[in-house]
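In what follows, a single structure is set out as structure tokens and then discussed.
In my numbering, the protein residues as written are 12 to 179.
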């Protein structure tokens with residue numbers, strides 16, 4: 012195994028010395044990436060079906076993930092205030108917390124443009140995917156976008172399977 016890894020490293024070094032850029036070599040690897048179907052179960056589990064992986068995250072990051080999964084067009088963080096009820100509905104289904112006051116406070120912080128909560132939750136979503144799969148693949152499943160622009164999940168929605176009634 013070690014010998015094969017060393018041979019691969021030597022071959023890559025040779026390609027770099029021959030004038031191939033690292034980004035071109037990386038793109039060759041990306042060509043062969045097969046994205047998994049993403050299944051959201053009735054219990055709101057997030058499954059990468061073809062990789063046989065479950066992506067685990069807390070209720071609020073999961074709420075943010077499901078919200079952006081429902082919006083393939085993307086949403087600017089500054090417009091999240093317009094989606095408060097939808098976020099509350101998702102959070103109410105995903106969370107096992109019965110404290111409505113606490114849940115409302117969490118959503119209020121999430122949509123507050125002067126609070127960092129949305130960035131923290133998006134970072135938690137990203138981390139949950141990167142813990143399970145390589146970032147070259149994971150970047151298709153987590154929330155991204157340029158500052159001040161629409162944020163979204165780039166995954167082709169034909170790969171998404173919704174089993175939970177809230178989203179059917």
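We treat Cβ as the ideally placed atom computed from N, Cα and C, and that holds for glycine. These numbers were taken from a predicted model, which means no experiment stands behind them.
- For residue 137, the number of other beta carbons within 10 angstroms of its own is at least 16, and it is reported as buried.
- The region 167-174 makes no contact with the region 104-114: fewer than 3 CB pairs, one atom from each, lie closer than 8 Å.
- Residue 86 sits away from residue 129, with the two beta carbons spaced by 8 Å or more.
- In the three-state reduction of the DSSP assignment, residue 24 falls in the helix class, which pools H, G and I.
- Between the alpha carbons of residue 172 and residue 117 lies a gap of roughly 28 Å.
- Counting other Cβ atoms within 10 Å of its Cβ, residue 36 stays below 16 and is therefore classed as exposed.
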